[in-house]
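Accompanying notes for the structure given below.
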Amino acid sequence: MSPAIFLAGLCVGVFILQWISQLISRRQQAKTWGCKPAHRAPGTIGIAPFYRLTKAFREKRWIELIADEYARYGTTHKQALLGKDYITTIEPDNVKAILATQFNDFCLGVRHAQFYPLLGDGVFTLDGAGWTHARGLLRPQFSREQVADLSMLNDHISHLVNLVPQDRSVFDVQQLFFMLTLDSATHFLFGESVGCMLPPSQTSGVLQNSAVGNAKGFAHSFELAQGCIRDRVIAQNLYWFINPQGFKDANRKVHEVIDHYVHIALESKRKADSTDGRYIFLRALAAETDDPKLLRDSMLNILLAGRDTTASLLSSTFFYLARHQKVWTRLRGEILKEFGDDTQAEITHASLKNIRYLRYVLNEALRLQPPVPVNFRVATQDTSLPVGGGEDGQSPIFVKKGQQVYYSVFAMHRRTDLWGEDASIFRPERWEENAKHGWEYLPFNGGPRICLGQQYALNEASYTVVRLMQHFDTLENADPHPRTEPIKLSNLTMSHELGVPIRLYSTKQAL
Ligand code: HEM
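Letter by letter, the sequence shown follows residues 66 to 576 in the working numbering.
Spelled out as structure tokens, the structure:
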């Protein structure tokens with residue numbers, strides 16, 4: 066036998082021995098933890114599930130497909146997908162373990178690499194010490210009164226109202242909400258809105274001096290980059306395959322715009338001329354660091370995390386309100402009772418809280434259409450999850466290092482055993498009967514990585530609904546398709562594939 070063959074044989078032998086010894090030690094560990102096997106979906110390699118999933122992606126019904134699989138194979142089960150085994154669960158106890166009680170046993174996996182070209186190193190993409198630092202830098206900005214300062218939204222809502230057709234014709238309110246949240250988020254973050262609801266002639270100097278040229282150009286580049294990131298997320302470990310020139314160009318253009326704002330903030334800090342009293346997120350952050358890349362990455366992480374999600378919540382709220390006239394009427398009644406119909410009357414965070422029913426309507430839209438419907442984590446070490454094992458699914462299950470664990474908030478929010486037989490029906494009154502929910506209700510995630518912008522988002526959505534209800538007394542569903550559930554298109558967050566076509570007008574206003 067030649068030395069080369071001997072060496073190769075030795076390597077293979079050592080590898081097999083290590084593999085067997087790891088298998089045995091994992092079995093022993095699983096036994097010590099009381100783990101039992103999880104239910105398995107049929108198939109060992111997972112070609113058929115992969116085909117089903119890609120087909121469902123094309124048909125924009127993959128979120129529903131995953132929900133159906135829980136009904137078929139159990140609320141926690143294992144499935145093979147192209148030779149890789151993953152665990153998927155909608156058990157609140159397991160989700161709580163992943164996100165909170167066993168936080169350090171899980172990480173984001175390849176998310177950082179998938180998002181890096183656009184987002185760099187930020188709170189949304191980092192794990193470990195980097196994440197702790199990024200979150201620590203941002204958290205104080207979200208606990209400030211500024212998050213509750215709603216006055217800056219007023220102009221943006223007026224721009225939105227101006228874009229609602231005066232002649233009562235049909236329009237897609239989702240498109241307007243995506244513009245609204247881009248304008249308001251950039252205003253909140255940079256102190257100046259990109260103004261995509263305004264005529265191009267009113268575009269800010271920062272945009273005119275950059276490659277995007279105007280607000281629509283910025284929105285286009287940002288959305289294009291997000292679309293590529295979505296494809297990289299779907300490609301999982303093969304994300305690096307997806308790196309077209311268009312993606313690189315879009316990232317460069319977006320970075321150029323943000324860098325302009327960062328430059329202005331750092332200059333104003335250097336000259337100490339930031340005393341005009343206005344709160345600007347970026348300026349407040351620049352007080353903590355001079356690092357332009359850290360500032361750019363932080364801004365982009367928040368813009369990405371906060372813009373589409375809030376637009377999605379508003380779109381879903383109007384999707385359901387247009388189909389539930391009783392809810393529209395009751396909510397509008399309560400809003401007018403509290404604020405009257407003066408669209409200039411002051412609205413505060415505290416006064417919004419007085420309208421409980423508004424919160425219930427938003428809760429219900431977030432329950433049925435959570436903007437982040439499916440998520441996953443990767444095990445950082447061998448560990449276990451509390452339920453899903455054995456015949457009755459009540460025993461712990463073993464999770465090996467590197468294993469992906471998926472959870473669908475969308476499916477968990479529709480479990481009839483948790484929410485009642487009418488779980489898939491839009492009924493805000495259910496929150497009146499039971500306003501408190503635990504880990505079975507998770508639109509904003511939970512644990513140490515809970516959404517930083519939750520209060521900001523709820524304030525913005527509430528304020529928008531109030532102002533629109535003050536302006537308009539009539540909302541009509543104008544969807545040509547008779548459907549009670551939207552067709553979902555998950556970019557990075559959920560949106561409505563066919564838009565949300567409505568008519569919105571005031572009967573007091575003559576045609
Ligand atoms: C209805 C609107 C929103 C929903 C449903 C939502 C939901 C979520 C969810 C589910 C996560 C966890 C993602 C993960 O860990 O995998 C998250 C994280 C985050 N959200 Fe939101 N979000 C919303 C609005 C906002 C807004 C308006 C902002 C900022 C202005 C924001 C900032 C963030 C940040 C910075 C994180 C990362 C937190 C971390 O990993 O430590 N979100 N959000």
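Quick reminder that beta carbons are idealized off the backbone N, C-alpha and C, glycines included.
Helix, strand or coil at residue i according to DSSP, with G and I counted as helix
i	result
LEU569	strand
GLU541	strand
MET217	coil
ARG492	coil
VAL229	coil
PHE189	coil
ASP406	coil
ASP457	coil
ASP487	coil
ILE515	coil
SER223	helix
PRO547	coil
HIS478	coil
ARG126	coil
ARG137	helix
GLU399	helix
ILE131	helix
THR197	helix
GLN574	coil
GLY256	coil
TYR385	helix
PRO205	helix
GLU411	coil
TYR344	coil
THR529	helix
MET262	coil
SER269	coil
ILE307	coil
Boundaries (first-last residue) of the alpha helix (DSSP H) holding residue i
i	result
TYR471	No alpha helix (DSSP H) contains TYR471, which is instead part of the beta strand (DSSP E) from 469-473.
SER90	68-97
VAL322	310-335
TYR506	Looking at the DSSP string, TYR506 is not in any alpha helix (DSSP H), and its letter there is neither H nor E.
SER286	280-299
SER275	Neither: SER275 is in no alpha helix (DSSP H) and is coded neither H nor E.
LEU427	421-433
PHE122	112-123
ASN499	Unbroken run through ASN499: none, as it is neither H nor E.
GLN184	The question names Gln, but residue 184 in the sequence shown is Leu. Taken as a continuous stretch (DSSP letters only), the alpha helix (DSSP H) holding LEU184 covers 176-184.
ASN159	157-161
Endpoints, the beta strand (DSSP E) within which residue i is located
i	result
PRO451	448-454
THR154	149-154
PHE463	460-464
Per DSSP, the bridge partner or partners of residue i
i	result
ARG105	LYS143
VAL439	SER473
SER560	LEU554
ALA444	PHE171
ASP355	Paired residue(s): none; ASP355 is not in a bridge.
PHE236	ILE567
Q) Taking one C-beta from the segment 525-536 and one from the segment 213-229 each time, how about it: are there three or more such pairs within less than 8 Å? A) yes
Q | Cβ contact check for the segment 78-95 and the segment 433-445: 3 or more pairs under 8 Å | A | no
Q | contact_flag[the segment 496-503, the segment 173-192] where n(CB pairs < 8 Å) is 3 or more | A | no
Q: Would you check if there are 3 or more beta carbon pairs closer than 8 Å linking the segment 239-259 to the segment 274-291?
A: yes
Q. Counting Cβ pairs closer than 8 Å, one from the segment 377-394 and one from the segment 558-575, do we hit at least three?
A. yes
Q. Looking at C-beta atoms only, is the number of pairs between the segment 442-457 and the segment 546-563 that lie closer than 8 Å three or more?
A. no
(Q) Assess contact between the segment 475-490 and the segment 101-121, defined as three or more Cβ pairs (one per stretch) separated by less than 8 Å. Is contact present? (A) no
Q) For the segment 461-474 against the segment 389-399, are there 3 or more C-beta pairs whose distance is under 8 Å? A) no
(Q) Measuring CB atoms only, is the segment 325-332 touching the segment 353-364, in the sense that at least three cross pairs come out at less than 8 Å? (A) yes
(Q) Can you confirm whether the segment 534-553 touches the segment 413-421 when touching is taken to mean that 3 or more C-beta pairs between the two stretches lie within less than 8 Å? (A) no
Q: Report yes or no: do the segment 263-277 and the segment 301-309 share at least 3 C-beta pairs separated by less than 8 Å?
A: no
(Q) Three Cβ pairs or more, each shorter than 8 Å: is that satisfied between the segment 367-374 and the segment 178-193? (A) yes
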